[in-house]
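> Could you have a look at this structure, given as structure tokens, before my questions?
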Amino acid sequence: MGLCIGSLGSSIACLFGNAFCSLCCAACPACKGSTSSRIAYGLILLVGLITSCVMLIPGLEKTLAKIPALCSGGSKLTNLVVPSMPSIDCQKIVGSLAVYRLSFGMTIFFFILSLLMINVKSSKDFRAKIQNGFWGFKLLALIGLIVGAFFIPEHGFSQTFMVFGMIGGFLFILIQLLLSIDFVHSWNESWIDRVESGSKKYGYGLLFFTFLFYALSITGIVLFYIYYAPDRSVCRLHTFFISFNLCLCFVLSIVSILPQVREHNSSCGLLQSSFVSLYVIYYTWSAMSNNPNVACNPSIRSIIHPGNSTTPSPTPTRQQNIFDPITIIGLLMFTIALFYSVFTSSRNHRAKKLFLSSSNDYSTMLDDASISSDRNLVGDDEGEGTRQHVYDDESTAVSYNYSLFHFLFVLATLYAMMTLTNWYEPAKNFSTYNNNYASLWVKIASSWICVVLYMWTCVAPALFPDRDFS
Numbered sequence: 001m002g003l004c005i006g007s008l009g010s011s012i013a014c015l016f017g018n019a020f021c022s023l024c025c026a027a028c029p030a031c032k033g034s035t036s037s038r039i040a041y042g043l044i045l046l047v048g049l050i051t052s053c054v055m056l057i058p059g060l061e062k063t064l065a066k067i068p069a070l071c072s073g074g075s076k077l078t079n080l081v082v083p084s085m086p087s088i089d090c091q092k093i094v095g096s097l098a099v100y101r102l103s104f105g106m107t108i109f110f111f112i113l114s115l116l117m118i119n120v121k122s123s124k125d126f127r128a129k130i131q132n133g134f135w136g137f138k139l140l141a142l143i144g145l146i147v148g149a150f151f152i153p154e155h156g157f158s159q160t161f162m163v164f165g166m167i168g169g170f171l172f173i174l175i176q177l178l179l180s181i182d183f184v185h186s187w188n189e190s191w192i193d194r195v196e197s198g199s200k201k202y203g204y205g206l207l208f209f210t211f212l213f214y215a216l217s218i219t220g221i222v223l224f225y226i227y228y229a230p231d232r233s234v235c236r237l238h239t240f241f242i243s244f245n246l247c248l249c250f251v252l253s254i255v256s257i258l259p260q261v262r263e264h265n266s267s268c269g270l271l272q273s274s275f276v277s278l279y280v281i282y283y284t285w286s287a288m289s290n291n292p293n294v295a296c297n298p299s300i301r302s303i304i305h306p307g308n309s310t311t312p313s314p315t316p317t318r319q320q321n322i323f324d325p326i327t328i329i330g331l332l333m334f335t336i337a338l339f340y341s342v343f344t345s346s347r348n349h350r351a352k353k354l355f356l357s358s359s360n361d362y363s364t365m366l367d368d369a370s371i372s373s374d375r376n377l378v379g380d381d382e383g384e385g386t387r388q389h390v391y392d393d394e395s396t397a398v399s400y401n402y403s404l405f406h407f408l409f410v411l412a413t414l415y416a417m418m419t420l421t422n423w424y425e426p427a428k429n430f431s432t433y434n435n436n437y438a439s440l441w442v443k444i445a446s447s448w449i450c451v452v453l454y455m456w457t458c459v460a461p462a463l464f465p466d467r468d469f470s
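So that you can map any letter, position 9 of the sequence shown is 9 in UniProt numbering, and since no number is skipped, the others follow by simple counting.
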């Protein structure tokens with residue numbers, strides 16, 4: 001009995017300690033503790049995103065109401081009355097309001113960790129053990145914050161948190177833009193190196209994706225003029241957005257192939273400009289979809305099935321639909337950007353310079369080299385080479401900034417919340433959602449900033465030849 005209790009106690013201790021990740025992935029190869037921690041936090045955010053999507057499933061409230069004693073005080077079973085039980089208001093655990101409250105709990109969780117991890121230098125700091133361990137306690141704390149968020153009175157909560165969501169979502173869009181530009185530069189450099197080494201298929205691949213991105217961008221522009229600016233006198237704002245962003249895409253494409261730019265920055269090319277152009281076109285579409293003027297903002301359903309559309313209501317409201325193409329694309333971009341930042345922050349020097357670098361990269365590299373040799377020794381001990389070993393790679397210096405990492409997740413949570421709710425302004429009963437100009441300008445400004453950031457990466461080496469932009 002004592003042996004069983006001891007084994008159970010040790011298992012629980014592992015769950016709440018640093019061995020949590022290794023227990024979950026015993027068959028995985030050895031990995032760095034910093035990498036496994038980032039992956040774990042990313043999975044926590046991904047589970048929250050999936051839960052939010054479930055909360056927005058149409059008809060979920062009616063389904064929950066059918067469960068006995070869940071959404072009512074009691075139920076009759078076999079002619080017996082079940083005593084009154086604490087019931088749940090099903091309206092509070094589904095819909096946009098539930099997404100707001102779940103996101104609020106996750107935002108507070110990551111914000112507290114961001115404050116707690118300020119100025120952590122190495123894994124010898126006790127706070128580093130909180131960052132990389134105590135997973136059971138952290139999960140319980142997160143669940144407690146989320147549950148507590150559902151008891152916050154509604155008086156102004158949704159409207160106030162929507163403002164924080166717009167600000168945080170806008171900041172995450174900027175970070176997402178930086179990551180996207182970094183990704184396309186890395187992609188181009190990698191394939192150009194393979195082409196120069198004699199592999200022609202990568203050259204054909206560059207041509208194919210460049211043509212594809214430009215074709216999608218041009219198709220989008222044409223469709224925007226047809227459906228989002230049908231009457232130039234009424235939809236002047238949309239006409240301006242489409243025409244202006246079309247000119248910007250043309251300018252950035254020309255800048256990418258200028259001889260002066262290519263001389264100082266060989267990584268610029270048409271692949272990057274086509275990718276950025278498509279990115280700008282997406283945010284133009286997303287911005288126009290938040291225009292309160294319904295005459296210039298048709299629903300996707302009315303575009304696909306024009307015969308089933310009816311006369312637009314003068315009240316600019318929409319029923320929430322999590323299967324809206326704009327929302328789906330936004331969530332895919334969010335997921336890719338999130339895990340790209342998680343996996344590249346430790347090995348991509350440009351990504352580290354953005355916001356995740358530690359203060360002592362040289363010490364970190366020395367530490368990584370010593371840990372790698374230790375890892376090989378550990379893998380051979382007792383014939384356990386196939387078991388995963390999560391080893392400490394930050395005993396000298398952390399490989400990424402803990403505080404900024406969690407602040408990034410704060411912004412990511414707010415962006416996911418706004419994307420799931422289509423950046424709409426919530427109505428009082430949360431059964432309808434209002435388009436608003438604030439979200440429109442946030443997204444259109446993001447498209448312009450994207451162009452500025454990309455053009456800066458192209459022209460900066462030519463303007464400042466004495467500086468190292470590698």
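Virtual Cβ for every residue (Gly too), placed ideally from N, Cα, C.
Which same chain residues, not among the five before or five after M117, have their C-beta less than 7 Å away from its C-beta?
Here the question's residue 117 lines up with position 117 in the sequence shown. R127, Q131, Y402, S403, H406.
> What's the C-alpha gap between V251 and F211?
For this step, residue 251 is matched to residue 251 along the sequence shown. For this step, residue 211 is matched to residue 211 along the sequence shown. So the two alpha carbons sit approximately 17 Å from each other.
> P461: buried (16+ other C-beta within 10 angstroms of its C-beta) or exposed?
The sequence position of residue 461 within the sequence shown is 461, counting from 1. Buried, since its Cβ has 16 or more Cβ neighbours within 10 Å.
> Whole angstroms are fine: how far does the CA of P259 sit from the CA of G133?
Taking the sequence shown and counting its residues from 1, the one referred to as residue 133 is at position 133. Taking the sequence shown and counting its residues from 1, the one referred to as residue 259 is at position 259. Approximately 52 Å between the Cα atoms of the pair.
> Given a cut-off of 7 Å, decide if I143 and L102 are closer than it, judged by their beta-carbon atoms.
Taking the first residue of the sequence shown as position 1, residue 102 is located at position 102. Taking the first residue of the sequence shown as position 1, residue 143 is located at position 143. Not in contact: L102 and I143 (Cβ atoms no closer than 7 Å).
> Can you say whether N119 is buried or exposed, counting buried as having 16 or more other CB atoms within 10 angstroms of its CB?
On the sequence shown, residue 119 is found 119 positions in, with the first residue counted as 1. Exposed, because fewer than 16 other Cβ atoms sit within 10 Å of the Cβ of N119.
> Only counting runs of 4 or more residues, tell me where the alpha helix (DSSP H) segments fall wholly within the stretch 404-463, in order along the chain.
You should have 437-463.
> Helix or strand or just coil, what does DSSP make of Y340?
Numbered from its first residue, the sequence shown carries residue 340 at position 340. Helix, per DSSP.
> Is it buried or exposed, G105, if we count other Cβ atoms within 10 angstroms and call 16 or more buried?
On the sequence shown, position 105 is the one that residue 105 refers to. So G105 ends up on the buried side.
> Counting pairs of Cβ atoms below 8 Å between the stretch 269-276 and the stretch 230-248, do you hit three or more?
Contact fails: fewer than three Cβ-Cβ distances are below 8 Å.
> Tell me whether the beta-carbon of C450 lies closer than 7 Å to the beta-carbon of L177.
As a working mapping, residue 450 is identified with position 450 in the sequence shown. As a working mapping, residue 177 is identified with position 177 in the sequence shown. Contact: yes.
> Considering only their Cβ atoms, is the gap separating F241 from I444 smaller than 7 Å?
As a first step, residue 444 is located in the sequence shown; it is residue number 444 there, counting from the start. As a first step, residue 241 is located in the sequence shown; it is residue number 241 there, counting from the start. Yes.
> Answer yes or no: do S267 and N188 have a C-beta to C-beta separation smaller than 7 Å?
As a position in the sequence shown, residue 267 is number 267, starting the count at 1. As a position in the sequence shown, residue 188 is number 188, starting the count at 1. Yes, the Cβ-Cβ distance between S267 and N188 is below 7 Å.
> Can you tell me which of L414, W448, A397 puts its alpha carbon nearest to the alpha carbon of K121?
On the sequence shown, residue 121 is found 121 positions in, with the first residue counted as 1. Ranking L414, W448, A397 by Cα distance to K121 puts A397 first.
> Evaluate S155 with the Cβ neighbour count: other Cβ atoms within 10 Å of its Cβ, from every protein chain shown; 16 or more gives buried, anything less gives exposed.
Taking the sequence shown and counting its residues from 1, the one referred to as residue 155 is at position 155. First, the residue type needs correcting, since residue 155 is His and not Ser in the sequence shown. Exposed: under 16 other Cβ atoms inside 10 Å.
> Are the CB atoms of L206 and W191 nearer to each other than 7 Å?
Position 206 of the sequence shown, counting from 1, holds the residue named residue 206. Position 191 of the sequence shown, counting from 1, holds the residue named residue 191. In contact: L206 and W191 (Cβ atoms closer than 7 Å).
> How is the alpha helix (DSSP H) around I254 delimited, first residue to last?
In the sequence shown, the residue the question calls residue 254 occupies position 254. Element bounds for I254: 236-256.
> Buried or exposed: T413, going by 16 or more other Cβ atoms within 10 Å of its Cβ?
Taking the first residue of the sequence shown as position 1, residue 413 is located at position 413. Buried is the call here.
> Which whole-angstrom value is the C-beta distance of F224 and W135, which I expect to be below 8 Å?
Within the sequence shown, residue 224 is the residue found at index 224, counting from 1. Within the sequence shown, residue 135 is the residue found at index 135, counting from 1. Contact doesn't hold; Cβ gap of about 47 Å is too wide.
> Quick check on DSSP: helix, strand or coil for I93?
Taking the first residue of the sequence shown as 1, we reach residue 93 at position 93. Three-state result, I93: coil.
> Among the candidates F109, S446, C235, whose CA atom is the shortest distance from the CA of M166?
Residue mapping note: residue 166 aligns to position 166 of the sequence shown, counting from 1. The shortest Cα separation from M166 among F109, S446, C235 belongs to S446.
> Buried or exposed for D182, going by 16 or more other Cβ atoms inside 10 Å?
Residue mapping note: residue 182 aligns to position 182 of the sequence shown, counting from 1. D182 should be labelled buried.
> Assuming S52 contacts L420 (C-beta within less than 8 Å), just tell me the rounded distance between them.
The count along the sequence shown starts at 1 and reaches residue 52 at position 52. The count along the sequence shown starts at 1 and reaches residue 420 at position 420. With 8 Å as the limit, S52 and L420 qualify as a contact, their Cβ atoms being about 5 Å apart.
> Would DSSP call P292 helix, strand or coil?
Position 292 of the sequence shown, counted from the first residue, corresponds to residue 292. P292: coil per DSSP, three-state reduction.
> Taking 7 Å as the cut-off, decide whether the C-beta atoms of residue 476 and G168 are in contact.
There is no way to answer for residue 476, as the model of the chain reaches only from 1 to 470.
> Determine the closest residue to S96 out of L408, W448, K129, P58, with distance taken between C-alpha atoms.
Residue numbering aside, residue 96 sits at position 96 when the sequence shown is read from its first letter. Among L408, W448, K129, P58, the Cα nearest to that of S96 belongs to P58.
> Quick one: grab the DSSP three-state call for D182.
As a position in the sequence shown, residue 182 is number 182, starting the count at 1. Helix, per DSSP.
> Which residues mark the beginning and the end of the alpha helix (DSSP H) in which R262 is found?
As a first step, residue 262 is located in the sequence shown; it is residue number 262 there, counting from the start. Taken as a continuous stretch (DSSP letters only), the alpha helix (DSSP H) holding R262 covers 259-264.
> So what does DSSP say about E189, is it helix, strand or coil?
What you label residue 189 is simply residue 189 of the sequence shown in a count that begins at 1. Three-state DSSP puts E189 in a helix.
> Check each candidate in L45, V94, A40, T35 and name the one with the smallest Cα separation from L60.
The residue labelled residue 60 in the question sits at position 60 within the sequence shown. For the residues L45, V94, A40, T35, the minimum Cα distance to L60 belongs to V94.
> Quick one, are the C-beta atoms of Y227 and H238 less than 7 Å apart?
Reading the sequence shown from its first residue, position 227 is the one you call residue 227. Reading the sequence shown from its first residue, position 238 is the one you call residue 238. No, they are not a contact pair.
> Looking at the unbroken alpha helix (DSSP H) that takes in I218, where does it start and where does it end?
Taking the first residue of the sequence shown as 1, we reach residue 218 at position 218. That run of the alpha helix (DSSP H) goes 200-227.
> Excluding the 5 residues preceding and the 5 following residue 481 in the sequence, name in chain order all residues of the same chain whose CB lies nearer than 6 Å to its CB.
In the structure as shown, the chain begins at 1 and stops at 470. Residue 481 is therefore absent and cannot be evaluated.
> Just checking my contact of Y100 with F164 at CB under 8 Å: how many whole Å lie between their CB atoms?
In the sequence shown, counting from the first residue as 1, residue 100 sits at position 100. In the sequence shown, counting from the first residue as 1, residue 164 sits at position 164. Incorrect: roughly 10 Å between the Cβ atoms, too far for contact.
> Do W291 and W423 have their CB atoms nearer than 7 Å?
Reading the sequence shown from its first residue, position 291 is the one you call residue 291. Reading the sequence shown from its first residue, position 423 is the one you call residue 423. For the sequence presented, residue 291 should be read as Asn rather than Trp. Contact flag unset, no.
> Find out if the Cβ-Cβ distance for the pair F409, L171 is shorter than 7 Å.
Here residue 409 corresponds to residue number 409 of the sequence shown, with the count starting at 1. Here residue 171 corresponds to residue number 171 of the sequence shown, with the count starting at 1. No, Cβ-Cβ distance for F409 and L171 is not below 7 Å.
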